[in-house]
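Undergrad:
Residue numbers (the numbering used here), protein chains in the order written: chain H, 165 to 785; chain C, 69 to 283.
Structure (structure tokens):
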């Protein structure tokens with residue numbers, strides 16, 4: 165092929181190509197390779213369609229500010245699962261808020277109805293711990309919350325400033341607490357039941373009318389079953405210091421409740437009605453208030469009574485407990501001062517309205533006020549009177565006591581038009597109660613503590629002298645001997661007891677014979693009645709003689725017993741008269757006495773300190 | 069050397085081809101057979117003077133390559149999830165980002181390998197395929213040169229796919245950093261493969277024929 169211009173093989177005709185006509189069908193002319201682009205096109209279109217159809221819907225959430233939210237960066241999460249992403253951050257038309265456009269998974273769209281809530285999750289450090297820590301590194305995200313019921317879908321929402329207390333799907337019961345103020349309870353404070361956290365409270369909000377605060381709370385299932393209309397809630401926030409007979413006690417439930425506050429509840433009375441979500445409860449300042457509230461505003465209606473007390477007393481106020489037989493049965497709901505004419509002069513009397521719970525009077529849960537009144541009527545006839553008494557000697561707090569006073573002047577419940585039934589009252593000696601309390605302190609003050617201590621000291625000194633004296637020391641050696649002797653006495657005592665026990669059967673037989681004698685005597689009497697007298701008398705006398713003899717026999721056994729007891733006593737005396745010395749007992753006794761002496765010194769020092777600086781007993785130094 | 073031959077063919081207008089001589093070379097093993105032979109006597113492969121379906125295959129693969137090249141540019145190539153951030157970058161987006169970060173060199177490499185070369189290849193193959201049908205006028209030598217370049221450079225388009233494959237394999241550090249390939253990576257790899265097949269499907273003898281007829 166070096167010279168392509170000339171035919172390399174002249175003369176040789178090129179072989180005729182074997183040409184076959186192909187069929188002219190359109191399909192057969194097409195290469196199967198065309199399937200590849202078709203397939204690629206189909207797959208590409210399918211992918212495009214899929215991503216278009218799965219493209220989420222765009223919702224808009226209005227926030228106060230968009231701290232940390234960035235387009236394409238911030239996620240929307242539902243139960244910590246990413247369900248969307250922020251596409252755009254812009255302003256509303258009046259620049260009043262930030263509009264965050266979020267592309268949300270299409271499948272969730274039907275659930276985004278008017279109950280959907282959105283908030284920005286940020287790292288938060290609180291007493292109960294640190295939450296949202298992951299957002300420190302990953303940046304904030306938007307958390308959404310909605311219930312599992314599809315409603316009318318919306319695309320415009322308003323974001324919350326902070327996370328709501330509970331998401332709607334959390335099982336449990338929301339309730340509302342009404343309190344006087346909200347300064348002790350922080351957002352997220354626990355709701356405790358017997359010390360176990362069973363729910364949370366939200367930030368307190370001012371009530372619509374400005375009176376008091378409303379605290380929304382949530383009790384988790386299954387603890388919400390503990391709630392009934394008789395449930396009482398009370399505040400366990402902070403620390404309570406109480407001074408009582410047991411001394412000073414300091415109470416706080418947990419560190420978290422100390423700082424954040426907390427709420428506890430209990431259902432003290434059974435038989436309440438089941439509650440609806442959103443039930444409103446009053447939040448009592450403490451457990452006692454919550455418990456006593458049951459008496460007055462439980463489900464059962466209360467019996468209103470009037471008690472008129474002479475004179476003006478301090479310490480009687482609304483909420484003062486009413487006790488019956490020492491048990492709280494109600495409280496004072498109103499105190500009014502009334503001036504009355506009494507024997508030509510003006511007298512100021514105190515009208516106290518008492519609310520008494522019929523259930524607490526022992527009439528059962530179903531008791532009506534009429535039954536309670538009838539019961540009290542009977543009691544009053546027996547001498548029941550209302551009386552003021554002091555609740556404690558340390559405060560001037562009073563209680564109204566319903567107490568039975570023996571030989572009281574006859575009185576009864578007075579029903580007057582327009583007034584509650586009036587209970588008769590009794591004079592109480594409480595007027596000098598304060599004086600008494602003061603007197604108690606004065607008396608304590610006057611106690612000759614120093615003298616007592618001085619005498620104690622002299623006594624101890626005497627004891628020390630006694631112990632140290634030679635006489636005592638001489639006495640002590642006999643102690644060991646005494647103990648030995650005592651030990652040897654014991655068998656004899658046993659023996660004595662045996663003898664006594666031996667005498668017992670004798671006595672028993674004597675008694676039996678005496679009984680037989682009595683039987684015979686009865687027989688004699690019967691016989692006499694039947695007129696067969698003389699023979700029976702003879703027999704009876706014989707029996708009596710036999711009985712007397714038996715008694716004499718039994719008595720004969722006694723002298724040796726007495727003699728033995730005599731000897732026992734003698735030995736005991738001998739034991740006591742001999743003391744050993746140098747024994748362990750003596751040394752320990754001596755050391756004990758020395759310790760007592762030292763203790764007395766300490767007491768003396770204490771007394772001196774107290775004398776110089778009396779408030780150290782309160783201040784502790 | 070084929071280049072040498074081409075040079076000859078470029079300078080020498082008259083050329084006696086094997087076809088003109090009634091000979092057919094096996095495309096697989098190179099054994100020359102007399103015309104009319106249907107199967108190679110050495111390797112058993114089909115022996116044809118010209119592949120009648122060559123152009124069809126070229127166009128088919130080319131279309132497939134273009135079709136899958138579209139999602140390769142729309143969908144993300146890399147999904148990078150680090151502790152702080154999550155990012156999805158497309159081919160163009162990645163190149164632009166690299167450019168903004170000052171890595172002009174890398175940005176250029178990515179841009180050339182992933183954008184210029186594939187698109188240039190589409191155009192070149194289409195041009196060659198059209199040239200066979202005499203629709204375009206082109207110097208025969210340049211045409212051969214172009215064919216060579218297209219065949220040679222095609223594999224270098226895969227550089228992006230390799231980068232993605234290596235990164236995805238290396239960066240799997242749990243929550244700290246994870247790189248996953250996106251849909252675009254698959255599409256792009258397919259696109260490159262399809263265009264390579266397209267270039268291979270072009271029977272170079274058709275170019276010779278076109279040369280002959282053009283002369």
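Virtual Cβ for every residue (Gly too), placed ideally from N, Cα, C.
It should be emphasised that the depicted structure is a prediction, and the values quoted were computed from it without experimental measurement.
#1: If you drop the 5 nearest sequence neighbours on each side, which residues of the same chain put their C-beta closer than 7 angstroms to that of residue 513 of chain H?
#2: Output the distance between the C-alpha atoms of residue 241 of chain H and residue 159 of chain C, rounded to the nearest integer angstrom.
#3: Buried or exposed: where does residue 484 of chain H fall if 16 or more other Cβ atoms within 10 Å of its Cβ makes it buried?
#4: My guess is that residue 143 of chain C and residue 251 of chain C are in contact by the Cβ rule of under 8 angstroms, so how many angstroms apart are they, rounded?
#5: Residue 582 of chain H to residue 591 of chain H, Cα distance in whole Å?
#6: Can you check the region 154 to 235 of chain C for any beta strand (DSSP E) of at least 3 residues that lies completely inside it and give the ranges in chain order?
#7: Do residue 223 of chain H and residue 268 of chain H count as a contact pair if the criterion is CB distance below 8 angstroms?
#8: Anything in the region 171 to 188 of chain C with a Cβ closer than 7 angstroms to a Cβ of chain H? List those residues in chain order, please.
#9: Tell me, to the nearest whole angstrom, how far the beta carbon of residue 617 of chain H is from that of residue 519 of chain H; I am working on the premise that it is less than 8 angstroms.
#10: Buried or exposed for residue 156 of chain H, please, with buried defined as at least 16 other CB atoms from any protein chain shown within 10 angstroms of its CB.
#11: Do you know how far the Cα of residue 759 of chain H is from the Cα of residue 454 of chain H?
#12: Starting from residue 244 of chain C, find everything on chain H with Cβ-Cβ shorter than 9 angstroms and list it in chain order.
#13: For the region 120 to 153 of chain C, which segments carrying the beta strand (DSSP E) assignment without a break, of at least 3 residues, lie completely within its bounds, in sequence order?
#14: Quick one: what's got a C-beta closer than 7 angstroms to residue 266 of chain C's C-beta in the same chain, skipping five residues either side?
#15: Roughly how many angstroms separate the alpha carbons of residue 517 of chain H and residue 349 of chain H, rounded to a whole number?
#16: Run the CB neighbour count on residue 111 of chain C, radius 10 Å, all protein chains shown included, and call it buried at 16 or more, exposed below.
#17: Identify which residue in H/230, H/427 and H/589 has its Cα closest to the Cα of residue 326 of chain H.
#18: Do residue 271 of chain C and residue 118 of chain C have their C-beta atoms within less than 8 angstroms of each other?
#19: By Cβ distance below 6 angstroms, which residues in the same chain neighbour residue 175 of chain H in space, the five residues on each side in sequence not counted?
#20: Kindly give me the distance between the Cβ atoms of residue 427 of chain H and residue 397 of chain H, rounded to whole angstroms, as I take these residues to be in contact under 8 angstroms.
#21: Rounded to the nearest angstrom, how far is the Cβ of residue 311 of chain H from that of residue 279 of chain H, given a contact under 8 angstroms?
#22: Would you tell me roughly how many angstroms separate the C-alpha atoms of residue 94 of chain C and residue 264 of chain C, rounded to the nearest one?
#23: According to DSSP, simplified to helix, strand and coil, what is residue 236 of chain H?
#24: Could you give the distance in angstroms between the alpha-carbon of residue 101 of chain C and the alpha-carbon of residue 84 of chain C?
#25: Tell me which residues share the same chain as residue 273 of chain C and place their Cβ nearer than 7 angstroms to its Cβ, disregarding the 5 neighbours each side in the sequence.
#26: In the DSSP assignment, the beta strand (DSSP E) including residue 102 of chain C goes from what residue to what residue?
#27: I'd like to know if residue 166 of chain H contacts chain C, where contact means its C-beta is closer than 8 angstroms to some C-beta of that chain.
#28: Compute the distance between the beta-carbons of residue 585 of chain H and residue 480 of chain H, then report whether it is under 8 angstroms.
#29: Is there at least one non-hydrogen atom of the ligand FAD closer than 7 angstroms to the beta-carbon of residue 197 of chain C?
#30: Residues of chain H with CB closer than 8 angstroms to the CB of residue 125 of chain C, please, in chain order.
#31: Bridge partners of residue 275 of chain H, per DSSP?
#32: Along the chain, where does the alpha helix (DSSP H) containing residue 268 of chain C start, and where does it finish?
#33: Could you pull the start and end residues of the beta strand (DSSP E) that residue 361 of chain H belongs to?
#34: Would you list the residues sitting across from residue 248 of chain C in a DSSP beta bridge?
#35: Any beta carbon of chain C sitting closer than 8 angstroms to that of residue 211 of chain H?
#36: Rounded to whole angstroms, what is the Cα-Cα separation between residue 744 of chain H and residue 762 of chain H?
TA: So, from the data block:
#1: 472, 473, 474, 502 and 504
#2: 29 angstroms
#3: buried
#4: 4 angstroms
#5: Residue 582 of chain H and residue 591 of chain H have their alpha carbons spaced roughly 26 angstroms apart.
#6: 154 to 157
#7: yes
#8: none
#9: Not really, about 52 angstroms apart at Cβ, beyond 8 angstroms.
#10: In the structure displayed, chain H extends from 165 to 785; residue 156 of chain H sits before or after that span and is not available.
#11: 52 angstroms
#12: By Cβ distance, chain H contributes nothing, its closest Cβ being about 10 angstroms from residue 244 of chain C, past 9 angstroms.
#13: 146 to 150
#14: 126, 129, 130, 133 and 193
#15: 34 angstroms
#16: exposed
#17: H/230
#18: yes
#19: Reliability fails at residue 175 of chain H, whose pLDDT of 49 lies under 50, so the model's placement of it is uncertain and the value that follows must be treated cautiously. Result list for residue 175 of chain H: empty, nothing under 6 angstroms.
#20: 6 angstroms
#21: 6 angstroms
#22: 22 angstroms
#23: coil
#24: 16 angstroms
#25: 118
#26: 100 to 102
#27: Interpretation of residue 166 of chain H is limited by its pLDDT of 44, a score under 50 that renders its predicted location unreliable; the figure taken from the coordinates is listed afterwards. It does not: the Cβ of residue 166 of chain H has no partner Cβ on chain C nearer than 8 angstroms.
#28: no
#29: Looking for the ligand FAD in the displayed structure turns up nothing, as the structure carries no ligands at all.
#30: 195 and 197
#31: For residue 275 of chain H, which the question treats as bridged, DSSP gives no partner whatsoever.
#32: 251 to 269
#33: Secondary structure note for residue 361 of chain H: its beta strand (DSSP E) is the uninterrupted segment 360 to 365.
#34: Bridge partners of residue 248 of chain C according to DSSP: C/147.
#35: yes
#36: With a pLDDT of 48 at residue 744 of chain H, under the threshold of 50, the modelled position of that residue is not reliable, and no figure is offered here.
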